[in-house]
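Reviewing the structure listed below.
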Amino acid sequence: MMDDIKKKQSHFIYWASGIVSICGIIFEVLFGALGSYILGDGVKQYTLTISLFLTGMGIGASLSERVTKKLILSFIYIEFLVALIGGFSSFLMFAVTAFSSDGTDALFLYVVTLIIGALTGVELPILIRKANEIGVTLQKSTARVLFSDYAGGLIGGLLFVFLLRPQFGMVKSAFIVGLINLTVAMVVLYLFRKEVKHRWVHGIIGSIIGALLLAGVFVGESIALTFEQKLYKDPIVHMEESQYQKIVITKQNEDIRLYLDGGLQLSSIDEHRYHEVLVHPAMTASDSREQVLILGGGDGLAARELLKYKDIKDITLVDLDPAVIELANENPHLLKLNQGSLKDDRVHVQNQDAFEFLEQSENWYDVVIVDLPDPNNESLNKLYTKEFYSLIRNHLKPGGAMMVQSTSPVFAREVYWTISNTIASTGLTTENLHVDVPSFGNWGFVLASREEIAIEDLNINVPTDFLNNHMLESLTVFGKDEDDSFADEDKLEVNTLIDPVLIEMYENAWKYY
Numbered sequence: 001m002m003d004d005i006k007k008k009q010s011h012f013i014y015w016a017s018g019i020v021s022i023c024g025i026i027f028e029v030l031f032g033a034l035g036s037y038i039l040g041d042g043v044k045q046y047t048l049t050i051s052l053f054l055t056g057m058g059i060g061a062s063l064s065e066r067v068t069k070k071l072i073l074s075f076i077y078i079e080f081l082v083a084l085i086g087g088f089s090s091f092l093m094f095a096v097t098a099f100s101s102d103g104t105d106a107l108f109l110y111v112v113t114l115i116i117g118a119l120t121g122v123e124l125p126i127l128i129r130k131a132n133e134i135g136v137t138l139q140k141s142t143a144r145v146l147f148s149d150y151a152g153g154l155i156g157g158l159l160f161v162f163l164l165r166p167q168f169g170m171v172k173s174a175f176i177v178g179l180i181n182l183t184v185a186m187v188v189l190y191l192f193r194k195e196v197k198h199r200w201v202h203g204i205i206g207s208i209i210g211a212l213l214l215a216g217v218f219v220g221e222s223i224a225l226t227f228e229q230k231l232y233k234d235p236i237v238h239m240e241e242s243q244y245q246k247i248v249i250t251k252q253n254e255d256i257r258l259y260l261d262g263g264l265q266l267s268s269i270d271e272h273r274y275h276e277v278l279v280h281p282a283m284t285a286s287d288s289r290e291q292v293l294i295l296g297g298g299d300g301l302a303a304r305e306l307l308k309y310k311d312i313k314d315i316t317l318v319d320l321d322p323a324v325i326e327l328a329n330e331n332p333h334l335l336k337l338n339q340g341s342l343k344d345d346r347v348h349v350q351n352q353d354a355f356e357f358l359e360q361s362e363n364w365y366d367v368v369i370v371d372l373p374d375p376n377n378e379s380l381n382k383l384y385t386k387e388f389y390s391l392i393r394n395h396l397k398p399g400g401a402m403m404v405q406s407t408s409p410v411f412a413r414e415v416y417w418t419i420s421n422t423i424a425s426t427g428l429t430t431e432n433l434h435v436d437v438p439s440f441g442n443w444g445f446v447l448a449s450r451e452e453i454a455i456e457d458l459n460i461n462v463p464t465d466f467l468n469n470h471m472l473e474s475l476t477v478f479g480k481d482e483d484d485s486f487a488d489e490d491k492l493e494v495n496t497l498i499d500p501v502l503i504e505m506y507e508n509a510w511k512y513y
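With the UniProt record's numbering as the guide, the letters of the sequence shown map in order to residues 1 to 513.
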């Protein structure tokens with residue numbers, strides 16, 4: 001029978017295995033989020049992160065065979081290293097990104113991921129052997145430690161998604177998780193103090209690491225902000241982490257810019273060019289304008305243009321992230337731009353995935369405006385598929401029209417025409433337009449309807465700052481290096497859920513821009 005001290009020690013070993021597992025999975029998804037934000041292509045970064053972390057765990061588990069003596073002291077110093085390296089990982093990632101180039105930031109992230117994975121892989125075998133050494137049978141010690149580990153993995157993932165990232169951000173979250181690892185090490189040092197020689201020395205080392213991590217919690221984010229500022233051309237005036245993305249607003253003189261996960265969404269200097277082309281051709285091409293659906297557009301600028309039409313009775317705006325809606329309704333810079341459009345009684349906001357909304361909705365619309373981010377990952381790609389555009393078609397009234405922002409026909413020529421061909425594959429008639437938006441470059445749109453579209457007959461009769469009837473037809477003219485002459489239209493691929501051709505195509509198109 002184990003005495004009371006050994007029972008406490010064995011029980012804490014199980015708790016420790018669960019806690020370090022929580023920390024490990026948080027670091028794993030944190031590194032994926034960092035890679036997605038800074039390096040782009042979320043699916044690629046999460047795939048590499050998971051692969052490297054698991055590889056590291058395998059290496060660590062193999063190396064743990066060599067740890068046969070001083071198990072407790074070995075575990076304590078592994079936790080010290082996890083706390084120190086993991087805690088400073090986000091902070092240093094922003095620093096490396098700000099002051100280096102040529103892929104150094106990617107190399108840094110992948111090396112850190114591999115190291116933390118390896119250290120995590122060493123932890124569990126040590127805990128299992130220590131529990132066995134105390135008097136727990138190998139069968140029980142292995143089962144209990146592994147149960148704590150797997151259960152901790154679920155908890156860690158949920159904590160990161162619903163608490164740490166939205167409430168604390170990526171920099172502060174890393175420091176907090178590092179402190180949790182350190183706390184586990186210090187508790188183990190106390191519980192097994194009789195086994196550890198010179199424990200006061202180890203306690204001092206742990207205290208120094210703790211002081212560094214605490215300093216990081218309180219001032220690390222503000223310092224990292226100066227690093228992150230180098231990622232943006234203009235001074236940052238607002239930054240937050242929502243449940244879904246990092247939201248940044250910059251301001252230089254009169255130029256207000258909105259970024260989501262590092263990607264530019266709008267510039268106040270020229271956004272009117274983009275939004276006028278996005279909205280008015282579809283509104284004038286439709287037989288009626290009473291019921292309008294916006295997919296995306298959480299900044300409220302498309303809604304601002306729509307509200308110029310007095311015959312609109314209802315605008316349904318579907319945007320996944322409530323934080324963007326809140327910002328559009330409260331941030332003075334965005335409020336000035338969108339003129340309080342989302343507060344209009346005719347505008348009804350739904351925070352929901354656009355695909356799911358269309359699957360569940362039974363409503364029909366006169367006009368559908370699709371203002372979604374480019375298809376640079378799996379979750380966004382599904383919003384550029386034949387299945388998605390078929391859903392929109394099935395919610396479009398006869399005589400209605402839709403407009404889809406479709407990336408740049410100059411920078412991503414093949415992507416643009418694939419999107420156009422995918423929309424046409426649903427049986428809709430399409431018309432292609434593009435416009436120069438200085439902050440973005442030459443940008444493309446696809447206008448679609450059940451009926452034939454006669455651009456020359458469209459008549460815009462609401463106030464605009466850029467678009468007029470005389471130039472509307474000219475927007476349908478494409479240069480030789482941006483039209484679809486590079487391929488037989490019948491041979492252009494269709495983007496589908498089963499065959500998501502756009503993802504790799506998009507990545508290849510934008511790699512030099």
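Note that CB positions come from ideal geometry on N, CA and C, so glycine has one too.
For Asn377 and Trp510, the rounded distance between their alpha carbons: Answer to the nearest angstrom: the Cα atoms are 13 Å apart.
Proximal residues to His395 (C-beta, below 8 Å), its chain only, five neighbours per side dropped: If we look at His395 and ignore the five residues flanking it on each side, its Cβ neighbours are Leu293, Leu358, Ser361, Asn363, Trp364, Tyr365 and Val368.
Val161: first and last residue of the uninterrupted alpha helix (DSSP H) it sits in: Segment: none, Val161 is in no alpha helix (DSSP H) and carries neither H nor E.
For Ser341, three-class secondary structure by DSSP: Three-state DSSP puts Ser341 in a helix.
Bridge partner(s) assigned by DSSP for Ser449: Beta-bridge pairing links Ser449 to Ala401 and Thr429.
When Val187, Ser62, Glu240 and Gly60 are compared against Gln9, the one with the closest alpha-carbon: Scanning Val187, Ser62, Glu240 and Gly60 for the CA closest to the CA of Gln9 turns up Val187.
For Glu221 and Gly262, the rounded distance between their alpha carbons: Between the alpha carbons of Gly262 and Glu221 lies a gap of roughly 17 Å.
Separation of Leu391 from Ile453, as counted between CA atoms: Looking at the two C-alpha atoms, the distance is approximately 20 Å.
Own chain residues within Cβ distance below 7 Å of Arg193, not counting five before or after: Correct list, in chain order: Arg199.
Closest Cα partner of Phe27 within the set Leu164, Asp321 and Thr97: For the residues Leu164, Asp321 and Thr97, the minimum Cα distance to Phe27 belongs to Leu164.
7 Å Cβ shell around Thr496 - same chain, five flanking residues per side excluded: A distance below 7 Å between beta-carbons, with the five flanking residues on each side excluded, links Thr496 to the following residues of its chain, in chain order: Thr385, Lys386 and Glu387.
8 Å contact criterion, which Gly400 and Ser449 should meet: CB distance rounded: With 8 Å as the limit, Gly400 and Ser449 qualify as a contact, their Cβ atoms being about 7 Å apart.
Where Val136 falls, given that 16 or more other Cβ within 10 Å makes a residue buried: Its pLDDT being 49, under 50, Val136 is placed unreliably in this model, and the value from its coordinates should be taken loosely. Counting Cβ neighbours within 10 Å, Val136 comes out buried, since at least 16 surround it.
Segments assigned beta strand (DSSP E), at least 3 residues, entirely inside the segment 288 to 364: Within the segment 288 to 364, the runs of beta strand (DSSP E) that reach at least 3 residues and sit entirely inside it are, in chain order, 291 to 296, 314 to 318 and 347 to 350.
Own chain, CB closer than 6 Å to Val112, minus 5 neighbours either side, in chain order: Excluding residues up to 5 positions away in sequence, Ser89 lie with their Cβ nearer than 6 Å to the Cβ of Val112 in the same chain.
Secondary structure of Gly479, DSSP reduced to three states: DSSP, read as helix, strand or coil, puts Gly479 in coil.
Backbone secondary structure at Ser420 - three-state DSSP: Taken through DSSP and simplified to helix, strand or coil, Ser420 comes out as helix.
Contact the segment 194 to 213 vs the segment 235 to 253: 3+ CB pairs below 8 Å: Of all C-beta pairs linking the segment 194 to 213 to the segment 235 to 253, fewer than three are shorter than 8 Å, placing the two stretches out of contact.
For Asp102 and Ile176, the rounded distance between their alpha carbons: Those two C-alpha atoms are separated by around 30 Å.
Whole-number beta carbon distance between Leu39 and Asp105, since they are thought to touch under 8 Å: With a contact defined as Cβ atoms closer than 8 Å, Asp105 and Leu39 qualify at about 7 Å.
Nonlocal neighbours in the same chain, by C-beta distance under 6 Å from Met1, ignoring five residues either side: Any reading at Met1 must be qualified, since the residue scores a pLDDT of 43, below 50, and its modelled position is unreliable; the value itself is stated next. For Met1, where only same-chain residues beyond five positions count, there are no Cβ hits under 6 Å.
Expected contact under 8 Å - CB spacing of Lys313 and Glu290 to nearest Å: Glu290 and Lys313 do touch by the CB rule: their CB atoms are close to 4 Å apart, below 8 Å.
The segment 294 to 305 contacting the segment 338 to 355, beta-carbon criterion three pairs below 8 Å: Yes, they touch.
The ligand NAP heavy atom lying under 7 Å from the CB of Pro281: This structure lacks the ligand NAP; in fact it carries no ligand of any kind.
Local Cβ density within 10 Å of Glu456, reported as buried at 16 or more and exposed below that: By the C-beta density criterion, Glu456 is exposed, having fewer than 16 other C-beta atoms within 10 angstroms.
Limits of the unbroken alpha helix (DSSP H) element including Gln167: Per DSSP, Gln167 belongs to the alpha helix (DSSP H) from Arg165 to Leu191.
Contact under 8 Å by Cβ, Met403 with Leu447: Contact: yes.
Under the three-state DSSP convention, the category Tyr232 falls into: The answer is coil: DSSP assigns Tyr232 none of H, G, I, E or B.
Proximity winner among Val161, Ile419, Glu451 and Glu482, relative to Gly441 (alpha-carbon distances): Among Val161, Ile419, Glu451 and Glu482, the Cα nearest to that of Gly441 is on Glu482.
Cutoff 8 Å: Asn376 Cβ touching any chain B Cβ: Any reference to chain B falls outside this structure, which holds one protein chain only.
The beta strand (DSSP E) enclosing Tyr389, as first and last residue numbers: From DSSP, Tyr389 is part of no beta strand (DSSP E) but of the alpha helix (DSSP H) over Lys386 to Asn394.
Short Cβ contact (8 Å threshold) for Ala174 with Gly86: Cβ atoms of Ala174 and Gly86: closer than 8 Å.
Beta-carbon gap between Leu191 and Ala83 smaller than 8 Å: Cβ atoms of Leu191 and Ala83: not closer than 8 Å.
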